[in-house]
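This report refers to the structure that appears directly beneath it.
There are 2 protein chains.
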Amino acid sequence: MKNKSTLLALILAAAASTNSVWADEKPFSIAIHGGAGTITKAKLTPQQQQAYRDKLTEAVNAGYKVLEKGGDSVVAIQAAINVMENSPLFNAGVGAVYTYDGAHEMDASIMDGKTMNAGAVSGVKHIKNPINLADAVMNQSPHVMLSGAGAEEFALTQGFTLVPANHFDTESRYKQLQDAKVKLRKAESELKAKSPDYQASLNGVPQIDYLDLDYKFGTVGAVALDKKGNLAAGTSTGGMTAKRFGRIGDSPVIGAGTYAENGVCAVSATGHGEYFIRYHVAGDICAKVKYQQKSIIQAADEVINQRLITAGGTGGVIAIDQRGNIATPFNTEGMYRATRKNGEPADVMIWRGR
Amino acid sequence: MKNKSTLLALILAAAASTNSVWADEKPFSIAIHGGAGTITKAKLTPQQQQAYRDKLTEAVNAGYKVLEKGGDSVVAIQAAINVMENSPLFNAGVGAVYTYDGAHEMDASIMDGKTMNAGAVSGVKHIKNPINLADAVMNQSPHVMLSGAGAEEFALTQGFTLVPANHFDTESRYKQLQDAKVKLRKAESELKAKSPDYQASLNGVPQIDYLDLDYKFGTVGAVALDKKGNLAAGTSTGGMTAKRFGRIGDSPVIGAGTYAENGVCAVSATGHGEYFIRYHVAGDICAKVKYQQKSIIQAADEVINQRLITAGGTGGVIAIDQRGNIATPFNTEGMYRATRKNGEPADVMIWRGR
């Protein structure tokens with residue numbers, strides 16, 4: 031009898047708890063990433079690890095708070111991304127990497143799954159929070175994608191304050207640029223020695239493909255499902271260290287680095303952007319969910335851990351579906367990331383085993 | 031008896047003819063477009079109609095010739111696109127429209143279905159044939175997408191000769207810009223009169239959405255299947271008349287304006303680019319073919335004539351599948367286009383009824 035009544039009490043308690051989360055409130059959740067790469071445990075001191083975990087927690091909670099109050103997913107993802115853009119730990123906003131010529135050229139995009147509206151900026155140099163400018167492009171212009179000085183002219187019409195380029199100067203990123211240039215020169219010399227013809231055809235084009243993976247990563251992003259059932263995705267980046275020629279990566283490309291469609295899924299990517307554009311990764315994951323009825327876990331896994339690996343593309347994504355399920359696959363050693371579902375604490379991870 | 035032997039002779043002749051086309055030679059075909067829009071019959075004089083039909087015939091034949099000789103589909107589509115880029119009839123290359131500030135900013139992209147490699151340029155001002163620069167980005171750089179002055183710096187490293195900006199000046203396009211500006215000012219005044227708040231929020235941003243459709247169109251593109259079974263797609267454009275703020279349309283966006291994947295399909299789009307980016311049109315058509323086993327005709331029709339119409343997006347695509355089947359749906363009054371399959375003459379069309 032005692033056992034039976036205990037069981038009953040447990041069942042009632044479970045039902046009450048389920049009720050408070052699932053019946054009174056619609057599910058909502060958020061996932062964020064701060065870049066994927068060859069993040070080995072040996073590379074990070076315990077202090078650095080903690081700094082990343084703290085900032086990821088702060089970012090995911092900033093977005094979660096918006097969702098909890100009933101706010102829109104497009105607002106929540108910006109709140110989360112802003113925290114990372116304002117931290118030098120990530121390759122976005124203040125921590126943006128240097129271009130070959132010693133500048134900072136940032137890309138960002140955002141998509142609202144409810145309206146299928148989207149906004150993107152590429153190559154902006156004086157915008158503190160590029161994700162917010164992408165949002166202004168989405169809501170205040172008839173365009174989806176604005177670039178370079180033109181995007182900053184648009185920013186001025188929208189009341190944005192431009193910041194000086196040195197706002198984005200950090201010593202660690204500057205050192206990365208110097209390291210990258212040394213490696214690029216070495217790679218070029220080796221190529222030249224091996225094959226003068228090949229070198230002639232390259233004609234001084236830096237082969238960033240020969241750089242370590244870590245020079246390509248650090249992009250930040252967020253995806254969220256709000257209580258109204260609306261999905262959103264956003265991505266912000268400084269791009270590749272030592273990039274040249276006005277290179278645009280996947281982050282501002284809708285369907286590649288960012289995609290959101292209500293009823294299907296929302297995705298934000300980080301990795302070797304050229305592969306994410308060619309395999310239109312964000313759009314392909316959602317197409318598998320939509321047309322093949324695959325789960326978000328399976329769809330994201332197939333693209334990141336099968337298709338991209340076969341192609342040689344490294345990186346990862348965060349993805350969320352209409353029920354708030356989250357997938358965070360990556361084919362690199364680590365990916366800075368955090369998730370938080372309604373009523374649960376934040377889950378912060380760097381490696382496969384947390 | 032006589033009937034029987036006649037029948038036999040017919041069967042043998044048919045077999046011989048089928049044999050020469052289908053057994054000795056692999057199927058190959060090409061499709062091109064020169065833009066979609068409100069092309070009413072009243073708008074074109076018989077002479078203008080003929081000029082378009084002649085140039086489309088020249089372009090499709092230029093590509094066909096490459097395929098017939100066993101050349102690569104990526105070469106064939108460039109041959110076809112170059113003809114249109116070198117004609118003032120189309121909004122690409124020499125006929126590129128004017129930006130709001132009186133410049134020409136051209137976008138182009140190309141994708142090789144065999145390697146899934148891709149190249150794109152945006153906002154170039156001094157490149158005679160932007161599709162060829164996109165090809166150089168694909169083959170001679172580690173990047174997929176280069177923009178603005180950086181893309182032209184890359185062009186110089188590859189031996190391209192820059193042409194002066196006035197190479198792209200044409201009187202008819204200049205008149206279009208003046209017309210567009212008058213209409214934009216009128217639309218802005220009307221908005222201001224209706225709602226001062228709304229105008230304040232726009233803060234002088236020209237609402238190109240209020241322009242006639244024809245200011246948005248004229249992009250050129252080509253898709254092809256070569257004898258080796260390789261698919262390719264390419265797109266080249268001057269963008270929208272009176273565009274501002276470094277606006278990038280769908281043409282240089284892989285997965286939106288251009289996409290090619292062997293075994294699946296190749297697509298080039300033309301239309302109101304913002305919608306083609308948001309609905310990642312080229313990638314979505316191929317996803318329907320790949321994941322839902324839909325025919326190229328059905329997949330392209332569903333996206334252009336159902337999904338885009340519901341969304342309010344106008345334009346069209348040319349699409350080709352692995353067997354050389356071609357679809358050319360558009361939801362506007364007309365789309366300049368031509369197709370040619372192996373052993374057949376060119377088929378040149380402007381409206382639904384040719």
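So the protein lines, in turn, are chains A and B. Under this note's numbering, the residues of the first sequence are numbered 31 to 384, in order. Under this note's numbering, the residues of the second sequence are numbered 31 to 384, in order. Beta carbons are placed, not taken as given, at the ideal position from N, Cα and C, and that holds for glycine. No experiment lies behind these values; they were computed from the predicted model shown.
- Chain order gives no chain A residues near M379 of chain B, where near means a beta carbon separation below 7 Å; the closest approach is about 29 Å.
- Collapsing the DSSP output to three states places E291 of chain B in a strand.
- Residue state for A133 of chain A is assigned as coil, using DSSP reduced to three classes.
- At a cut-off of 8 Å between beta carbons, S219 of chain A makes no contact with chain B.
- Apart from sequence neighbours up to five positions away, the residues of its chain that approach D377 of chain B with a beta-carbon distance below 6 Å are T369, ordered along the chain.
- Within chain B, the C-beta atoms nearer than 7 Å to that of V283 of chain A come from V283, in chain order.
- In terms of Cβ geometry, I326 of chain A and N372 of chain A do not form a close pair [threshold 8 Å].
- Only those residues of the region 303-318 of chain B whose C-beta falls short of 8 Å from the nearest C-beta of chain A are listed: G303, E304, I307, R308, Y309, H310, G313, D314, A317, K318.
- Distance from the Cα of R384 of chain B is smallest, within the candidate group B:Q80, B:I60, B:A299, for B:Q80.
- Residue pairing by DSSP places L86 of chain B in no beta bridge whatsoever.
- In the three-state scheme derived from DSSP, where H, G and I count as helix and E and B as strand, R382 of chain A is classed as coil.
- The continuous beta strand (DSSP E) containing A254 of chain A extends over residues 250-255.
- At least one CB atom of chain A sits nearer than 8 Å to the CB of Q322 of chain B.
- Per the DSSP secondary-structure output, L261 of chain A pairs in a beta bridge with A:L255.
- Fully enclosed beta strand (DSSP E) runs of no fewer than 3 residues are not present anywhere in the region 302-346 of chain B.
- Collapsing the DSSP output to three states places K99 of chain B in coil.
- For the region 167-178 of chain B, the set of residues with a beta-carbon nearer than 8 Å to any beta-carbon of chain A comprises Q170, S171, P172, H173, V174, M175, L176, S177, G178, in chain order.
- For P359 of chain B, the number of other beta carbons within 10 angstroms of its own is at least 16, and it is reported as buried.
- Residues of chain A with a Cβ closer than 9 Å to the Cβ of E183 of chain B are, in chain order, R274, F275, G276.
- With a minimum length of 4 residues, the unbroken runs of alpha helix (DSSP H) contained wholly in the region 109-196 of chain B fall at 160-170, 178-187.
- If you look at A61 of chain A, you'll find it in the beta strand (DSSP E) that goes 59-67.
- Beyond the five residues adjoining it in sequence on each side, A329 of chain A comes within less than 7 Å, by CB distance, of I315, K318, V319 in the same chain, given in chain order.
- Taking C-alpha positions only, K73 of chain B is separated from I62 of chain B by approximately 22 Å.
- Within the DSSP secondary-structure output, A296 of chain B pairs in a beta bridge with B:A290, B:I350.
- Buried is the label assigned to G269 of chain B, since at least 16 other Cβ atoms lie within 10 Å of its Cβ.
- Secondary structure of K56 of chain B (DSSP, three-state): coil.
- Ranked by Cα distance from G345 of chain A, the options A:V333, A:D351, A:S152 are led by A:V333.
- R367 of chain B is bridged by DSSP to B:H63, B:M379.
- By the criterion of a C-beta distance shorter than 7 Å, Q77 of chain A is surrounded by no residue of its chain, once the five residues flanking it on both sides are discounted.
- The beta carbon of S103 of chain A sits no closer than 8 Å to any beta carbon of chain B.
- For E201 of chain B, the enclosing alpha helix (DSSP H) starts and ends at 201-224.
- Taking 8 Å as the CB threshold, G180 of chain A lines the interface with chain B.
- Nearest neighbour of H134 of chain B by Cα position, chosen from B:I140, B:M141, B:D142, B:G123, turns out to be B:G123.
- The beta carbon of G276 of chain A sits closer than 7 Å to the beta carbons of G153 from its chain, once the five residues preceding and following it are set aside; these are given in chain order.
- The beta carbon of S298 of chain B sits no closer than 8 Å to any beta carbon of chain A.
- Legend: CB atoms of the region 248-276 of chain A lying less than 7 Å from CB atoms of chain B belong to residues R274, F275, G276.
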